[in-house]
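>
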Amino acid sequence: MNLHEYQGKSILKSYGVAVQEGIVIDKVEDAVEAAKKLTEQTGTGWYVVKAQIHAGGRGKGKVQETDSNGVVLAKGLGEIEDKVKGILGGHLMTAQTNGKAKKVNKVLIAQDVYYPGEAETEEFYMSVLLDRERGRNTIVYSTEGGMDIEAVAEHTPEKIYKEEIDPRVGIQGFQARNIAFNLGLSGQAFKEMTKFVVSLYNAYVGIDASMFEINPVLKTSDNKIIAVDAKVTLDGNGLFRHPDYAAMRDVTEEDPTEVEAGEAGLNFVKLDGNVGCMVNGAGLAMATMDIIKLSGGNPANFLDVGGTANAERVEKAFHIILKDPNVKAILINIFGGIVRCDRVAQGVVDAYKNMGNIPVPIIVRLQGTNAEEAKKLIDESGLNVHSAVLLQEAADKVKEVLA
Amino acid sequence: MSVLVNKNSKVIVQGFTGSEGTFHAGQMIEYGTNVVGGVTPGKGGQMHLDRPVFNTVKDAVEKTGADVSIIFVPPAFAADAIMEAANAGIKVIVCITEGIPVNDMVQAKEYIKGYDCRLIGPNCPGVITAGEAKVGIMPGFVFKKGKIGIVSKSGTLTYEAADQVAKAGLGITTAIGIGGDPIIGTTTREAVELLMNDPETEGIVMIGEIGGNLEAIAARWIKENGTKPVVGFIAGETAPKGRTMGHAGAIVGGADDTAEAKKRIMRECGIHVVDSPAHIGKKMAEVMGVTA
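Line order of the protein sequences matches chains A and B. If you count by full-length UniProt numbering, then the first sequence holds residues 1 to 403, one letter each, in order. If you count by full-length UniProt numbering, then the second sequence holds residues 1 to 292, one letter each, in order.
(1) Taking the alpha carbon of Arg168 (chain A) as the point to measure from, which residue in B:Lys109, B:Asp80 and B:Ile280 has its own alpha carbon closest?
(2) Within a Cβ cutoff of 6 Å, which residues of the same chain sit near Ile334 (chain A), ignoring the five residues on either side of it in sequence?
(3) Look at Val73 (chain B) and Val127 (chain B) and say whether their C-beta atoms are less than 7 Å apart.
(4) Check distances from the C-beta atoms of the stretch 249-274 of chain B to those of chain A and list, in chain order, the residues that come in under 8 Å.
(5) Can you pull the chain B neighbours of Gly347 (chain A), defined as C-beta to C-beta under 7 Å?
(6) Of all the CB atoms in chain A, is at least one closer than 7 Å to the CB of Gln14 (chain B)?
(7) For the ligand PLP, I want to know if Asn280 (chain A) counts as a neighbour, meaning its beta carbon is within less than 6 Å of at least one of the ligand's heavy atoms.
(8) With a floor of 3 residues, list each beta strand (DSSP E) that falls wholly inside the stretch 4-70 of chain B, ordered by position along the chain.
(9) Would you be able to state if there are at least three C-beta pairs under 8 Å between the stretch 235-254 of chain B and the stretch 206-220 of chain B?
(10) If you compare alpha carbons, which of A:Phe302, A:Val24 and A:Ile214 is closest to Leu129 (chain A)?
(11) Using a threshold of 7 Å, state whether the C-beta atoms of Ile87 (chain A) and Ala35 (chain A) are closer than that.
(12) Looking only at its own chain, which residues have a Cβ that is under 7 Å from the Cβ of Ala246 (chain A), when we skip the five neighbours before and after it?
(13) Strictly by DSSP, which residues pair up with Phe302 (chain A)?
(14) Between Phe174 (chain A) and chain B, is any beta-carbon pair separated by less than 7 Å?
(15) Measuring straight from C-alpha to C-alpha, what distance separates Ile225 (chain A) and Gly117 (chain A)?
(16) Please go through the same chain and pick out, in chain order, the residues whose beta-carbon is closer than 6 Å to the beta-carbon of Ile172 (chain B), but skip the five residues on each side of it.
(17) Going by CA-CA distance only, name the one from B:Ile184, B:Ile222 and B:Leu214 that's closest to Leu195 (chain B).
(18) Consult DSSP for Phe77 (chain B) and reduce its assignment to one of helix, strand or coil.
(19) Three or more C-beta pairs under 8 Å: does that hold for the stretch 40-54 of chain B against the stretch 13-27 of chain B?
(20) Could you give the first and the last residue of the continuous alpha helix (DSSP H) run that contains Gly347 (chain A)?
(21) How would you list, in chain order, the residues of chain B whose beta-carbon sits under 9 Å from the beta-carbon of Ile338 (chain A)?
(22) Going along the chain, which residues of the stretch 85-118 of chain B sit with their C-beta nearer than 7 Å to a C-beta in chain A?
(23) Which bits of chain A does Glu20 (chain B) rub up against, with CB to CB less than 7 Å?
(24) Quick one: grab the DSSP three-state call for His54 (chain A).
(25) If you draw a straight line from the alpha carbon of Ser295 (chain A) to that of Asp304 (chain A), how long is it in whole angstroms?
(26) By DSSP's criteria, Ala311 (chain A) is part of a beta bridge. Which residues make up the other side?
(27) Less than 8 Å between C-beta atoms, sequence neighbours within five positions excluded: which residues of the same chain meet that for Gly177 (chain B)?
(28) Contact between the stretch 52-68 of chain A and the stretch 88-102 of chain A: three or more CB pairs below 8 Å?
(29) Taking the CB atoms as reference points, tell me whether Val35 (chain B) and Ala25 (chain B) lie closer together than 7 Å.
(30) Mind checking which residues open and close the beta strand (DSSP E) that includes Ser14 (chain A)?
(31) For Tyr47 (chain A), name the three-state secondary structure that DSSP assigns.
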């Protein structure tokens with residue numbers, strides 16, 4: 001589950017991680033007051049207005065209505081309202097929003113942390129994630145902060161460092177010092193960095209996170225180390241331990257059909273193709289999407305109906321798939337093992353009849369227990385449903401109906 | 001011969017008296033698996049499915065000599081169940097449970113390194129040695145006895161592959177469902193190695209999916225050490241980047257964990273890769289020189 005920057009920062013702060021302070025608002029009228037309050041708390045004279053959407057690249061992104069960037073600087077109270085107006089309520093398109101602009105429902109008014117002082121400011125990169133191959137959490141960090149880390153990895157891989165954490169003992173002092181040394185720090189900034197790293201790692205484990213990306217981590221001109229941005233992803237399987245974080249979910253960031261499917265207990269991902277599919281099991285569902293592509297179509301979705309493909313679930317799945325006007329055909333692919341194919345077939349027929357008319361051809365491939373009885377049931381139903389037993393037959397039928 | 005489980009395996013079921021445990025234990029017994037008992041804390045001393053229930057895995061091992069365990073306990077307690085099984089001396093631990101928090105598995109995987117045991121899963125359909133023992137939730141009848149071993153991250157796609165292989169006239173030795181989570185006990189490479197070393201297995205089907213690099217590691221191992229033909233398939237060519245496709249581990253992160261990249265590496269390593277999941281059986285028959 002993805003969090004907004006302001007939510008991620010509030011959680012990090014609760015674990016003692018120093019963050020760029022800010023106040024989140026959802027109305028332009030609250031901007032000036034929030035800015036005043038932030039000045040009282042932090043002494044900041046300038047403000048950074050940051051769009052809160054679940055996507056990176058906000059600083060370079062454009063709000064469609066106003067042409068404002070998604071992160072802008074307001075040099076004083078006098079500018080704050082105009083800057084907020086340029087972002088809040090608009091639609092922000094960035095390099096990471098997949099060609100669609102996202103509505104900005106909240107903005108974060110944050111303190112200016114690039115103030116001048118005795119030392120130069122420096123930006124670093126830091127993330128915490130699971131090294132799947134090693135089965136351990138790893139801190140990945142770089143002297144090249146504020147940049148696209150994939151580009152850094154490609155062009156200057158020597159500037160990316162890793163610190164693997166032993167889960168039996170957690171992060172150790174020498175590891176935090178390694179990181180601070182590799183980032184070229186000394187004195188007060190060195191101490192601050194070691195504390196930052198330890199707090200950050202403890203937060204990662206404590207909240208059941210699956211990814212932290214802090215880009216940039218800033219050394220301020222007075223040698224403080226703070227998180228200027230925070231991309232926090234939580235492990236969905238760990239949310240039962242954290243109802244307060246689960247409540248931070250922002251469904252407006254998600255595809256409404258996916259939200260509806262989730263509520264019905266269906267594992268559904270919306271795609272851009274023309275053939276819908278309904279499958280039992282995630283691996284077979286992905287394989288079915290691939291078959292659609294090989295048959296000349298494009299998958300309109302991923303949908304795992306799970307083990308109990310009864311009439312009610314099949315009907316719900318039909319509703320969800322058919323919300324997409326691009327869907328020209330639906331392929332149902334069920335491997336009946338424990339679940340009997342004839343029961344699934346009856347479910348499909350019942351769901352079809354309950355819905356009245358389904359405007360697109362349906363191909364039903366049932367294999368496994370009682371597959372032949374299932375095929376007979378479908379063939380004799382008189383509905384616009386094509387049956388298949390072998391996977392290749394199903395692929396051929398998809399090709400046929402698309403032709 | 002066979003790998004991991006056979007007719008001599010003494011199997012206990014953790015989460016024995018729950019609905020999943022009860023149903024699948026019943027199916028396993030019907031298949032002929034030697035289920036010697038089960039564990040449900042607090043229900044020790046009772047009988048269930050005509051088998052004794054124990055409070056702890058340790059009790060069950062002492063009283064029954066169990067060496068294999070299958071876990072059906074809910075996600076919040078599953079990592080604990082895995083560690084309990086290892087600690088009690090179980091040699092093969094099969095964890096079916098889906099939805100275990102990643103950090104729990106990081107801990108459990110580290111813990112069991114100190115024991116002489118092998119974990120299969122979690123989030124997997126289990127292991128079946130055709131005609132001998134089913135320690136899992138797969139439909140047994142699909143796995144006709146034969147010469148081909150299967151390694152797969154997925155459930156129903158494994159059944160699909162087994163069905164195609166059987167229809168191609170070859171049949172199955174052992175099928176290992178390694179699981180679709182980011183952290184699993186037995187990797188693709190380890191499962192392939194087990195089958196390479198099994199004298200009854202003459203060919204291997206290796207099924208992977210997007211996310212991680214287990215298939216690439218296995219492919220490189222096969223190139224160096226393989227002695228039997230391998231047919232491969234990777235699901236998720238059409239999956240978008242950055243989205244989790246059902247299995248917690250099935251997510252494309254970078255350029256190396258796409259289906260395309262994995263298939264390229266597998267082909268370079270001499271694996272017979274099929275682009276269509278409908279061609280797994282056909283390709284295996286062709287490679288083995290059999291006409292269906």
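The C-beta atom is built at its ideal place from N, Cα and C for all residues, glycine as well.
If we stick to the structure as given:
(1) Residue mapping note: residue 168 (chain A) aligns to position 168 of the first sequence, counting from 1. Cα-wise, what sits closest to Arg168 (chain A) is B:Lys109.
(2) Locating residue 334 (chain A) in the first sequence gives position 334, where the first residue counts as 1. Taken in chain order, the residues that qualify are Asn280, Ala309, Val344 and Leu366.
(3) What you label residue 73 (chain B) is simply residue 73 of the second sequence in a count that begins at 1. What you label residue 127 (chain B) is simply residue 127 of the second sequence in a count that begins at 1. Cβ atoms of Val73 (chain B) and Val127 (chain B): not closer than 7 Å.
(4) Gly249, Ala250, Gly254 and Ala259
(5) Translated into positions along the first sequence, residue 347 (chain A) becomes position 347. Near Gly347 (chain A) there are no residues of chain B at all, since even the closest Cβ is about 17 Å away, more than 7 Å.
(6) Position 14 of the second sequence holds residue 14 (chain B). Output row for Gln14 (chain B): interface = no.
(7) Judged by which ligands are present, the structure shown has none, so any question about the ligand PLP falls away.
(8) 11-14, 35-39 and 51-54
(9) yes
(10) Position 129 of the first sequence holds residue 129 (chain A). Considering only alpha carbons, the answer is A:Ile214.
(11) Start at 1 with the first residue of the first sequence, and residue 87 (chain A) comes out as number 87. Start at 1 with the first residue of the first sequence, and residue 35 (chain A) comes out as number 35. No, these two residues do not count as a Cβ contact at 7 Å.
(12) Residue numbering aside, residue 246 (chain A) sits at position 246 when the first sequence is read from its first letter. Excluding residues within five positions, the ones whose Cβ falls inside 7 Å are Leu239.
(13) By 1-based counting over the first sequence, the position of residue 302 (chain A) is 302. A:Val269, per the DSSP bridge assignment.
(14) Here residue 174 (chain A) is taken as the residue at index 174 of the first sequence, counted from 1. For Phe174 (chain A), the answer is no, since every Cβ of chain B falls outside 7 Å of its Cβ.
(15) Start at 1 with the first residue of the first sequence, and residue 225 (chain A) comes out as number 225. Start at 1 with the first residue of the first sequence, and residue 117 (chain A) comes out as number 117. Rounded to whole angstroms, Ile225 (chain A) to Gly117 (chain A) spans 14 Å at the Cα level.
(16) What you label residue 172 (chain B) is simply residue 172 of the second sequence in a count that begins at 1. Ala130, Phe143, Gly146, Ile148 and Ala162, listed in sequence order.
(17) By 1-based counting over the second sequence, the position of residue 195 (chain B) is 195. Cα-wise, what sits closest to Leu195 (chain B) is B:Ile222.
(18) Sequence index remark: in the second sequence, residue 77 (chain B) carries index 77 (1-based). Residue state, collapsed to three classes: helix.
(19) yes
(20) Position 347 of the first sequence holds residue 347 (chain A). Counting along the chain, the alpha helix (DSSP H) containing Gly347 (chain A) begins and ends at Cys341 to Asn354.
(21) What you label residue 338 (chain A) is simply residue 338 of the first sequence in a count that begins at 1. Per Cβ cutoff of 9 Å: Phe23, His24, Gln27, Ile137, Met138 and Pro139.
(22) Gly99, Ile100, Pro101, Val102, Asn103, Val106, Gln107, Lys109 and Glu110
(23) Numbered from its first residue, the second sequence carries residue 20 (chain B) at position 20. Here the premise fails: no neighbours, minimum Cβ distance about 10 Å.
(24) As a first step, residue 54 (chain A) must be located in the first sequence, where it is residue number 54. It is coil, neither helix nor strand.
(25) For the purposes of this step, residue 295 (chain A) is taken as the residue at position 295 of the first sequence. For the purposes of this step, residue 304 (chain A) is taken as the residue at position 304 of the first sequence. In a straight line, the C-alpha of Ser295 (chain A) is about 20 Å away from that of Asp304 (chain A).
(26) Here residue 311 (chain A) refers to the residue found at position 311 of the first sequence. DSSP lists no partner for Ala311 (chain A).
(27) Stepping through the second sequence from its first residue, residue 177 (chain B) is reached at position 177. Closer than 8 Å at the Cβ level, and outside the excluded window around Gly177 (chain B), lie Ile120, Gly121, Cys124, Pro125, Gly126, Val127, Gly136, Met138, Ser152, Lys153, Ser154, Gly155 and Thr158.
(28) yes
(29) Along the second sequence, read from residue 1 onward, the residue named residue 35 (chain B) stands at position 35. Along the second sequence, read from residue 1 onward, the residue named residue 25 (chain B) stands at position 25. In contact: Val35 (chain B) and Ala25 (chain B) (Cβ atoms closer than 7 Å).
(30) For the purposes of this step, residue 14 (chain A) is taken as the residue at position 14 of the first sequence. Segment Glu5 to Ser14 is the alpha helix (DSSP H) holding Ser14 (chain A); no beta strand (DSSP E) there.
(31) Working through the first sequence from its first residue, we reach residue 47 (chain A) at position 47. Strand at Tyr47 (chain A).
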